[in-house]
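Here the structure comes first, spelled out in structure tokens, and everything after it is commentary.
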Amino acid sequence: MTIVLDKPGVDGLPVAVDALRGWQRDRAMQLHPGDVGWFWRFGAEATARAVRTWSRDGRVLAVGLLDGSTLLRITIAADAQQDEELARRLVEDVTDPERGVLPAGKVNVEAPMGARVQALLAERGWRTDEPWTPLSRDLSEPVKAPDLRVESAGPERAELWAEVMRASFEGSTFSKERWLAMSEGTPYTDARSMIGYDEQDAAVGVVTVWSAGPGRPGLIEPMGVHEDHRGRGYGRAITVAAAAALQEMGSSSALVATPTSNVGAVATYASAGFDKLSEVRDYFRES
1 MTIVLDKPGV DGLPVAVDAL RGWQRDRAMQ LHPGDVGWFW RFGAEATARA
51 VRTWSRDGRV LAVGLLDGST LLRITIAADA QQDEELARRL VEDVTDPERG
101 VLPAGKVNVE APMGARVQAL LAERGWRTDE PWTPLSRDLS EPVKAPDLRV
151 ESAGPERAEL WAEVMRASFE GSTFSKERWL AMSEGTPYTD ARSMIGYDEQ
201 DAAVGVVTVW SAGPGRPGLI EPMGVHEDHR GRGYGRAITV AAAAALQEMG
251 SSSALVATPT SNVGAVATYA SAGFDKLSEV RDYFRES
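So that you can map any letter, position 229 of the sequence shown is 229 in full-length UniProt numbering, and since no number is skipped, the others follow by simple counting.
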């Protein structure tokens, strides 16, 4: 049978998330269930509109997330990353605006490094964009608790979590309602949000971690430090706490990614015991 492109709808989102869980590998940065979970802050219907799946004979081979209207993040089953038919169908679907995947104009596609689809995009004239640095921390050894009080955040602390989140990222409009929407998503069954407090009990940072199941890498997304409390090591401390939480949840490693140009973030994660992996780049076309 041929490759089938589908919008799974709200009812089909658990199938896409389960496929993503099964594809996660240590030291391989790719679309993670936590990425879909973080997007769920916009609600289930919006998430369903943003997700695409490509299947053959009823088996999901690739999952894509429209992270904004012009960026499609795709990951592919390990045994299908060199599948010629799948790669050609993916390229056709992202290149032709009439397919309803990406619009005309400048658009970006993220795909697993070394997958056949990357070579085919390059052949079509797509170019590589600015680099991102993925980082990974192995969790096979005990993670020492940081010198920072970090507590789990449930619905009763959603407003505080959102407040610190807004203060961590310029222009952020994150709200209690978005945290609650995120927490209702399928991926959040394997997630944990936390708040870090200083010695005066001020909330100084927030983080959410996402498990893909025991023995698989977990994801940190997002992590932020309140603008009034930067430069005191809180970013490192809450990142270590995030790694410890993922270890408790059975994750084999912790993954995070940041633009390579954000040297401060790269340094923070490295100081928290994360190893830099090979840089990754989106592919883009101008029109």
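C-beta: ideal position from N, C-alpha, C; glycine also. Since the structure is predicted, the reported quantities are computational estimates derived from the model, not experimental observations.
Whether residue i touches residue j by CB criterion (8 Å)
{"i": "S168", "j": "E221", "result": "no"}
{"i": "V51", "j": "A78", "result": "no"}
{"i": "V63", "j": "L31", "result": "yes"}
{"i": "residue 293", "j": "W40", "result": "The structure shown has nothing for residue 293, since the chain only spans 1 to 287."}
{"i": "L255", "j": "S140", "result": "no"}
{"i": "R178", "j": "A162", "result": "yes"}
{"i": "M182", "j": "G9", "result": "no"}
{"i": "T268", "j": "R232", "result": "no"}
{"i": "R116", "j": "D93", "result": "no"}
{"i": "D11", "j": "S55", "result": "no"}
{"i": "V240", "j": "M223", "result": "no"}
{"i": "T214", "j": "G250", "result": "What sits at residue 214 in the sequence shown is Pro, not Thr. Cβ distance < 8 Å, so P214 and G250 count as in contact."}
{"i": "W132", "j": "A257", "result": "yes"}
{"i": "D35", "j": "D129", "result": "no"}
{"i": "I195", "j": "E85", "result": "no"}
{"i": "P33", "j": "Q81", "result": "no"}
{"i": "G125", "j": "R285", "result": "yes"}
{"i": "L180", "j": "A145", "result": "no"}
{"i": "T70", "j": "P97", "result": "no"}
{"i": "Y234", "j": "G264", "result": "no"}
Extent of the continuous alpha helix (DSSP H) to which residue i belongs
{"i": "M165", "result": "158-168"}
{"i": "V101", "result": "Unbroken run through V101: none, as it is neither H nor E."}
{"i": "S271", "result": "263-271"}
{"i": "I238", "result": "234-248"}
{"i": "E85", "result": "84-95"}
{"i": "A44", "result": "44-50"}
Enclosing beta strand (DSSP E) for residue i [first to last residue]
{"i": "V225", "result": "218-225"}
{"i": "M182", "result": "Per DSSP, M182 belongs to no beta strand (DSSP E); it is in the alpha helix (DSSP H), 176-183."}
{"i": "A254", "result": "253-259"}
{"i": "T75", "result": "71-76"}
{"i": "R21", "result": "Premise fails: R21 lies in the alpha helix (DSSP H), 9-23, not in any beta strand (DSSP E)."}
{"i": "V117", "result": "No beta strand (DSSP E) contains V117, which is instead part of the alpha helix (DSSP H) from 116-123."}
{"i": "V36", "result": "Taken as a continuous stretch (DSSP letters only), V36 belongs to no beta strand (DSSP E), being part of the alpha helix (DSSP H) at 33-39."}
{"i": "V280", "result": "280-285"}
{"i": "A153", "result": "Premise fails: A153 is in no beta strand (DSSP E) and is neither H nor E."}
{"i": "L135", "result": "127-138"}
{"i": "A203", "result": "203-210"}
Classification of residue i by the beta-carbon crowding that lies within 10 angstroms, buried from 16 upward
{"i": "S252", "result": "buried"}
{"i": "G100", "result": "exposed"}
{"i": "E110", "result": "buried"}
{"i": "T173", "result": "exposed"}
{"i": "G273", "result": "buried"}
{"i": "V107", "result": "buried"}
{"i": "G185", "result": "buried"}
{"i": "S211", "result": "buried"}
{"i": "T53", "result": "buried"}
{"i": "S193", "result": "buried"}
{"i": "G154", "result": "exposed"}
{"i": "R73", "result": "buried"}
Taking one C-beta from the stretch 237-256 and one from the stretch 85-97 each time, how about it: are there three or more such pairs within less than 8 Å? no
Counting pairs of beta carbons, one from the stretch 20-29 and one from the stretch 191-203, are three or more of them closer than 8 Å? no
Can we say the stretch 271-280 touches the stretch 119-129, given the rule of at least three CB pairs closer than 8 Å? no
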